[in-house]
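Working notes, beginning with the structure itself.
Protein chains: 4
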Amino acid sequence: MKKLGVALIGYGGIGRVHAIAYRNIPFHYGLPADSIRIVGVATSNPDSAQKAAAEIGCEIGTADYRELLAHPEVDFIDCCLPNNLHEAVVIAAAQAGKHIYCEKPLAMNVAEAQRMVEAVEQAGVKTQVTFNVRFYPAMQRAKQLIDDGFIGRVFSYRGRYYRSSYIDASKPLSWRLSRAVSGGGALFDLGSHILDLAYYLLGEFGSVQATLDTLIKERPVAAGSSEMQPVDVDDIALMHTRLKDGTLGLFEISRMGTGATNDCIIEVFGDKGALRFNAADMNWLEVYDARDPEKPLGGMRGFRKIETIGRYDGAKSPDWSHTPGFIRSHAECQYQFMKAISHDKPAAPNFTDGLHIQAVMEAAERSSEQGRWVKLSEVGG
Amino acid sequence: MKKLGVALIGYGGIGRVHAIAYRNIPFHYGLPADSIRIVGVATSNPDSAQKAAAEIGCEIGTADYRELLAHPEVDFIDCCLPNNLHEAVVIAAAQAGKHIYCEKPLAMNVAEAQRMVEAVEQAGVKTQVTFNVRFYPAMQRAKQLIDDGFIGRVFSYRGRYYRSSYIDASKPLSWRLSRAVSGGGALFDLGSHILDLAYYLLGEFGSVQATLDTLIKERPVAAGSSEMQPVDVDDIALMHTRLKDGTLGLFEISRMGTGATNDCIIEVFGDKGALRFNAADMNWLEVYDARDPEKPLGGMRGFRKIETIGRYDGAKSPDWSHTPGFIRSHAECQYQFMKAISHDKPAAPNFTDGLHIQAVMEAAERSSEQGRWVKLSEVGG
Amino acid sequence: MKKLGVALIGYGGIGRVHAIAYRNIPFHYGLPADSIRIVGVATSNPDSAQKAAAEIGCEIGTADYRELLAHPEVDFIDCCLPNNLHEAVVIAAAQAGKHIYCEKPLAMNVAEAQRMVEAVEQAGVKTQVTFNVRFYPAMQRAKQLIDDGFIGRVFSYRGRYYRSSYIDASKPLSWRLSRAVSGGGALFDLGSHILDLAYYLLGEFGSVQATLDTLIKERPVAAGSSEMQPVDVDDIALMHTRLKDGTLGLFEISRMGTGATNDCIIEVFGDKGALRFNAADMNWLEVYDARDPEKPLGGMRGFRKIETIGRYDGAKSPDWSHTPGFIRSHAECQYQFMKAISHDKPAAPNFTDGLHIQAVMEAAERSSEQGRWVKLSEVGG
Amino acid sequence: MKKLGVALIGYGGIGRVHAIAYRNIPFHYGLPADSIRIVGVATSNPDSAQKAAAEIGCEIGTADYRELLAHPEVDFIDCCLPNNLHEAVVIAAAQAGKHIYCEKPLAMNVAEAQRMVEAVEQAGVKTQVTFNVRFYPAMQRAKQLIDDGFIGRVFSYRGRYYRSSYIDASKPLSWRLSRAVSGGGALFDLGSHILDLAYYLLGEFGSVQATLDTLIKERPVAAGSSEMQPVDVDDIALMHTRLKDGTLGLFEISRMGTGATNDCIIEVFGDKGALRFNAADMNWLEVYDARDPEKPLGGMRGFRKIETIGRYDGAKSPDWSHTPGFIRSHAECQYQFMKAISHDKPAAPNFTDGLHIQAVMEAAERSSEQGRWVKLSEVGG
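Structure, rendered in structure tokens:
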């Protein structure tokens with residue numbers, strides 16, 4: 003492995019998660035501590051940048067991310083900015099010849115995502131989108147099983163991503179509730195993850211029939227304020243989808259899934275078997291083998307909770323039989339990108355993958371407006 | 003309670019379930035054994051009728067159900083025939099002045115259901131549809147809680163009914179796979195139950211957007227046969243629905259839900275709380291109270307598995323702290339109908355309720371054909 | 003199958019459960035209704051006996067059980083009396099040449115149980131103890147698997163039977179809390195079941211180390227009374243046991259298992275596999291196959307919930323894919339006894355088996371008093 | 003917070019876990035990166051020490067831990083050595099005036115633990131034992147609830163720690179299977195954790211009745227070797243315990259818990275409520291409130307899965323609604339020790355606590371040998 007330098011651009015909650023994960027990589031993969039170095043961090047103002055740099059223990063904390071793009075020891079940037087700021091940073095990083103690791107969703111819309119794909123292809127830099135849920139061991143195992151034919155012909159699939167983060171009507175507006183900054187609501191924030199999981203396991207989408215709704219239509223402009231403004235993004239998105247080969251499935255995405263802490267669920271049903279996973283219960287992949295005998299009493303069919311837990315392929319983690327946690331999935335996601343850079347191999351999921359998910363989401367929005375099935379080709383996907 | 007006589011019309015699997023349940027009623031409700039008497043049973047031929055009568059221990063086993071309609075000691079009939087035979091029997095029973103207990107779905111289509119409703123209203127007989135899932139204690143408790151405001155404003159809901167009964171492509175055609183006999187596929191057989199649960203808990207539906215699919219398009223005409231014929235009903239039905247008041251929700255119904263034994267699930271999400279139930283895990287109703295404190299560490303929010311188990315209101319069942327089972331839910335459903343007859347009170351769910359569910363299903367079929375939202379009013383609902 | 007007549011002796015809660023189960027047998031096994039006839043019921047006084055007979059729909063309701071023992075159409079008696087009344091009835095029934103089906107625990111102590119075994123052996127009548135939990139399909143499947151070598155060498159086992167039926171200190175004294183009537187507390191009432199499960203699956207016990215405790219030491223003599231009397235039976239019993247071959251395991255039995263509705267749990271751990279079951283979740287037997295591959299990522303090991311549900315071997319129940327419930331397990335238990343009588347084959351678990359469990363319980367009591375391991379041979383087991 | 007330097011002594015699997023956790027602390031608590039500095043690492047030979055130092059990114063990697071004890075920037079040592087090496091290092095560290103963080107179990111036996119306690123008390127240094135399971139948010143919340151009276155009077159408790167790490171008889175001998183190095187088997191390795199959990203929540207133990215067993219009595223001396231040597235430690239330990247106030251409970255500890263990945267379970271039953279937790283399912287604490295109404299149908303009693311997840315009191319972790327993982331619990335455990343040092347406050351669980359657990363384990367061993375209850379006072383506890 004080459005020693006790599008990364009520049010963190012954006013340091014909110016998810017930026018801090020990324021920083022922890024980089025710190026953990028040497029231990030999980032048996033690498034020297036300097037295999038991955040956070041060269042600097044850029045935030046929106048000098049004070050927060052200094053505070054971020056102190057917490058990280060890196061030299062540079064700057065309000066001008068271009069300073070980091072110009073730094074010779076930065077091999078790749080890690081973009082943790084709000085969605086409306088991705089495009090500019092990504093295009094600048096590509097032009098600076100930096101590889102790019104970018105939080106999901108990739109862009110505000112398909113047009114932006116297409117411009118970003120063009121820019122990185124022209125620059126010849128590697129890209130990866132932080133679809134970290136793919137990188138739970140259970141999902142890695144699911145991919146193996148599906149590729150090995152465990153499921154057989156897919157009958158249908160279901161994805162859910164429910165959180166209850168916005169059930170309180172007095173919770174004020176924020177960037178995630180503003181279309182101008184986020185590009186979309188629950189569909190973008192949560193839906194992008196669960197759509198990617200299905201895409202990862204089952205392949206490309208072909209068409210979408212969706213209904214989006216804003217359940218709390220206006221909120222205070224700030225905590226405790228009596229001034230209300232409309233919410234212009236979706237709180238809930240229900241989707242029926244067909245893969246390119248026509249296979250039917252459904253998705254349900256909500257920020258008002260009362261009681262759901264972090265229910266990120268995927269299920270696949272096939273003629274040979276089935277599988278299901280919930281990121282809230284990450285230690286196990288549940289699989290059902292329809293090849294097992296089924297007799298009135300003597301059968302062996304049933305869902306089996308495979309102990310995937312922290313079992314990464316080839317990893318040297320010292321905690322492989324203990325619950326790995328959310329941050330561990332980010333470390334694996336980052337490490338795969340580092341390997342791609344180091345060995346000059348393709349990274350995945352890359353920006354073209356990110357564009358595909360963007361197209362599914364845009365088709366869903368159009369479908370909801372028009373009350374009909376929309377093909378991905380109609381939105382440039 | 004009046005002593006009542008019932009005539010069983012149809013004695014396949016579900017007819018036998020009904021018969022057991024009648025036998026159990028005296029014990030569960032502390033009534034004399036002769037509170038409910040199975041006067042006779044009608045099947046399609048004399049031999050099976052005699053065998054049925056012997057198993058039941060009733061005097062009459064006949065291939066002519068009209069014999070039972072004419073019997074003076076028959077207070078109500080219980081129709082367990084295939085769907086295409088409901089209408090004729092029901093109308094004849096109404097004309098004979100018998101009260102009518104009828105398996106779901108009520109009819110082959112909305113037009114039939116409307117005629118049946120007209121006939122029973124004209125005759126002034128009481129009716130009930132066997133939506134037995136309503137009668138699990140957990141669902142009775144859910145109804146109490148919703149009526150008491152536990153959920154608050156409903157954000158959304160979800161229903162699933164998945165079984166894996168048809169995943170084997172060599173399973174031959176049968177009446178459930180034939181539109182001419184069943185009227186519909188998974189949507190009719192399983193969907194009617196789960197739609198009724200949502201209707202029971204949340205109220206009337208207004209419109210539907212659905213996609214139906216037949217996953218195994220042809221099957222052997224008989225077990226082991228190499229002659230194949232097309233399946234002309236749905237194996238899977240996905241639905242987005244809006245209640246009359248606009249509340250959005252979803253349903254997923256499949257006979258190809260690989261691994262599902264009997265996953266009949268309802269979830270309701272609201273601003274004050276949430277609830278969920280799975281008939282495969284019938285002992286508990288899970289509820290979440292959003293009024294509970296939520297603090298970084300000191301909170302009390304979480305899903306609670308209320309021990310509803312066999313706890314029927316007012317019942318004298320000796321097994322109230324043990325798992326009641328499927329048959330017990332039928333006994334409760336029947337007992338409520340017996341009470342309605344005995345005390346001359348309204349029964350529920352009656353044929354008008356059955357018609358509503360029929361309309362939702364017909365709207366779903368039309369929506370799937372036309373790829374758009376369909377209002378219930380468009381199909382006569 | 004011969005047509006059989008049964009006399010119910012005792013008609014409290016469990017007597018009513020037995021009555022329902024007899025009524026259901028014809029339907030579950032495809033038999034004529036008169037295969038099993040409840041000839042009469044005996045209770046402690048004429049009024050309750052008449053009421054019981056009316057609920058059951060049988061001719062005889064008597065306060066003198068000897069009337070039933072003398073009845074020529076009674077093939078077997080079903081003893082549902084409090085424990086202190088078992089011996090007299092059983093010995094009288096044996097002398098009358100009736101087969102005997104008896105609720106658990108068999109007796110008040112080992113001496114009584116020995117006398118009962120002698121009496122029935124002398125009389126040559128068949129006996130069965132109502133260890134109905136054995137008769138859940140999941141436990142039948144567990145027995146098959148163990149007999150087939152699925153578990154391999156048994157490392158250890160664990161049984162729990164927890165209910166929370168007595169956590170309320172204001173709950174008054176009753177026969178179950180009186181040693182003179184019940185013979186013992188939680189150990190007798192709940193422990194007998196779970197000990198039998200282990201015995202059924204794994205074989206005979208050899209020795210016991212136990213601690214019994216009475217957690218609420220006195221209770222009101224009647225509901226609402228301020229007069230208190232001591233509780234002279236155990237509320238909780240903890241046991242370490244060794245099978246005859248030395249295999250170590252544990253049992254925990256409590257009526258103060260706050261929150262437990264009916265947690266009757268058995269687990270077996272072996273070098274080839276493991277299994278576990280909870281009667282509160284009766285639809286599934288969970289099994290783990292240690293022969294499955296275990297790899298860092300590519301493994302398949304995990305607990306599998308086999309869908310045993312209502313799947314009885316050879317049964318014709320119409321509800322085999324639905325939750326069977328508590329009463330169904332009694333029907334199977336009774337039916338096996340009826341088959342033993344009808345085909346003149348050995349019944350199981352018989353009174354000798356019941357005596358073995360009695361010896362384990364008596365050894366546990368002695369161990370608790372003396373603070374040491376007690377061999378079953380020390381108590382006549 | 004003071005800036006602190008730590009010396010890692012021992013760098014096997016658990017040493018690496020500790021190292022990751024130190025790295026994460028600044029991010030989880032919003033501290034500067036240099037709040038905690040790993041000054042150096044000591045292992046058993048220079049090569050492994052250099053490799054460890056490279057992975058950690060610290061300056062000193064040494065085979066002589068005394069070098070670190072002499073280092074002025076080392077505020078505390080973190081002892082991750084095999085159990086037989088704890089005493090010497092701890093006493094030397096105390097004499098060097100360093101605070102001491104030490105892996106569990108504290109010592110080889112009570113005598114050693116007593117000497118260690120004396121040494122640290124004489125030196126006036128702070129100590130903490132790595133009972134990290136206490137530091138899951140669910141256990142922190144459990145402690146709050148118990149202290150607030152949620153459980154009421156404790157009826158009983160149960161602890162289990164089952165892993166299936168040694169079910170394969172061909173797994174060779176190692177230090178954990180050698181009494182001379184480990185001091186004990188499953189009881190020491192796993193039992194110390196679960197005993198500490200009960201001690202943390204419920205208070206001091208008074209007496210013990212235990213049975214220990216070695217299930218696989220000899221193993222290969224090395225992988226693949228045909229030379230066998232006896233295993234001289236326990237594989238399984240079953241315990242009945244009484245707290246100082248007499249409250250009865252049980253523990254089951256096994257390395258042959260086939261199918262258990264990491265089942266570390268605690269349950270507490272009381273007259274007002276109950277709680278349960280499994281570290282394999284760390285996101286939730288399950289609680290039952292017996293104050294909730296219980297009615298035939300209208301009740302609200304049931305186990306509630308409180309979403310404790312990553313919710314540490316006062317923490318600034320960016321992942322509080324995602325599964326925190328095993329390493330996170332170590333970070334919290336370390337952070338509490340750092341706070342105790344920094345603010346000169348008592349640390350917990352300290353060596354006196356570790357000694358208490360040591361005494362319980364020694365009493366268990368003696369009890370198993372003698373087949374009787376053993377008081378902690380008999381073993382110097």
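First to last, the protein sequences are chains A, B, C and D.
For the first sequence, my numbering assigns the number 3 to the initial residue and increments by one for each residue that follows.
For the second sequence, my numbering assigns the number 3 to the initial residue and increments by one for each residue that follows.
For the third sequence, my numbering assigns the number 3 to the initial residue and increments by one for each residue that follows.
For the fourth sequence, my numbering assigns the number 3 to the initial residue and increments by one for each residue that follows.
Even for Gly, the Cβ is constructed at its ideal location relative to N, Cα and C.
Small disclaimer: the values here were computed from a predicted structure and weren't measured.
Checklist entry - Residues of chain D with CB under 8 Å from C:Tyr290, in chain order? => result Thr260 and Gly261
Checklist entry - Going by Cα to Cα distance, which pick from C:Ala65, C:Ala121 and C:Tyr31 is closest to C:Glu388? => result Any property of residue 388 of chain C remains undetermined from this structure, which presents chain C solely from 3 to 383.
Next on the checklist: Nearest by alpha-carbon distance to B:Leu108: which of B:Gly301, B:Asp150, B:Val362 and B:Arg368 is it?
Outcome noted: B:Val362
Next on the checklist: Against chain B, with Cβ distances strictly below 8 Å, would D:Lys307 count as a contact?
Outcome noted: yes
Item to check | Rounded straight-line distance, which links the Cα of C:Glu61 to that of B:Gln211 | outcome: 59 Å
Checklist entry - Is the stretch 259-271 of chain B in contact with the stretch 189-200 of chain B, if contact means three or more CB pairs nearer than 8 Å? => result yes
Checklist entry - Helix, strand or coil: which one does DSSP assign to C:Lys307? => result strand
Checklist entry - What residues of chain A sit near B:Asp283, judged by a beta carbon separation below 7 Å? => result Chain A residues near B:Asp283: none, gap ~13 Å exceeds 7 Å.
Checklist entry - Just curious, the alpha helix (DSSP H) that B:Val235 is in, first and last residue? => result Segment: none, B:Val235 is in no alpha helix (DSSP H) and carries neither H nor E.
Item to check | CB contact flag (B:Arg136, B:Gly259, <8 Å) | outcome: no
Checklist entry - With distances taken between CB atoms, is the gap from C:Val127 to C:Ala90 smaller than 8 Å? => result no
Checklist entry - Looking at the C-beta of D:His345, does it have a partner C-beta in chain C at a distance below 8 Å? => result no
Checklist entry - Can you tell me whether A:Gly272 is buried or exposed, with buried defined as 16 or more other CB within 10 angstroms of its CB? => result buried
Checklist entry - Within 8 Å (strictly less), CB to CB, does D:Tyr311 reach chain A? => result Note that residue 311 of chain D is Ile in the sequence shown, not Tyr. At least one chain A Cβ lies under 8 Å of D:Ile311.
Next on the checklist: For D:Leu204, would you say it is in contact with chain C, using Cβ-to-Cβ distances shorter than 8 Å as the test?
Outcome noted: no
Item to check | One or two residues paired with A:His242 in a DSSP bridge | outcome: A:Gln211 and A:Leu252
Checklist entry - Residues bridged to D:His101 by DSSP? => result D:Phe78
Checklist entry - In three-state terms, what does DSSP make of B:Val127? => result coil
Next on the checklist: Here's the rule: buried if 16 or more other CB atoms are within 10 angstroms of the residue's CB, otherwise exposed. What is D:Asp286?
Outcome noted: The sequence shown places Trp at residue 286 of chain D, rather than the Asp named in the question. Counting Cβ neighbours within 10 Å, D:Trp286 comes out buried, since at least 16 surround it.
Item to check | DSSP beta-bridge partners of A:Pro222 | outcome: A:Met230
Item to check | Residues near A:Ala9 in its chain [Cβ-Cβ closer than 6 Å; skip 5 each side] | outcome: Val41, Gly42, Leu70, Val76 and Ile79
Item to check | CB contact check: C:Phe271 to chain D, cutoff 8 Å | outcome: yes
Item to check | Proximal residues, the stretch 24-38 of chain D versus chain B, C-beta separation under 7 Å | outcome: none
Next on the checklist: Measuring straight from C-alpha to C-alpha, what distance separates B:Gly383 and B:Ala144?
Outcome noted: 26 Å
Checklist entry - D:Gly301 CB to nearest chain C CB: under 8 Å? => result no
Checklist entry - Cβ of B:Met284 within 8 Å of Cβ of B:Ala140? => result yes
Next on the checklist: On the CB-based measure, 16 or more other CB atoms within 10 Å of its CB, does A:Asp191 come out buried or exposed?
Outcome noted: buried
Item to check | Helix, strand or coil at D:Leu6 according to DSSP, with G and I counted as helix | outcome: strand
Next on the checklist: List, in chain order, every chain A residue whose beta-carbon is nearer than 9 Å to that of C:Pro295.
Outcome noted: Residues of chain A passing the Cβ test: none, with the nearest at roughly 10 Å.
Checklist entry - Do C:Leu299 and A:Arg313 have their C-beta atoms closer together than 8 Å? => result yes
Item to check | Counted within 10 angstroms of its Cβ, other Cβ atoms place C:Gln372 as buried (16 or more) or exposed | outcome: exposed
Checklist entry - Which residues in the same chain have their Cβ closer than 7 Å to the Cβ of C:Arg160, if we skip the five residues on either side of it in sequence? => result Gly251, Leu252 and Glu269
Checklist entry - Measuring CA to CA, which of C:Gly63, C:Glu123, C:Ile58 and C:Glu57 is closest to C:Pro48? => result C:Gly63
Checklist entry - With 8 Å set as the bound, which would you pick, yes or no: does the beta-carbon of B:His195 sit closer than that to a beta-carbon of chain C? => result no
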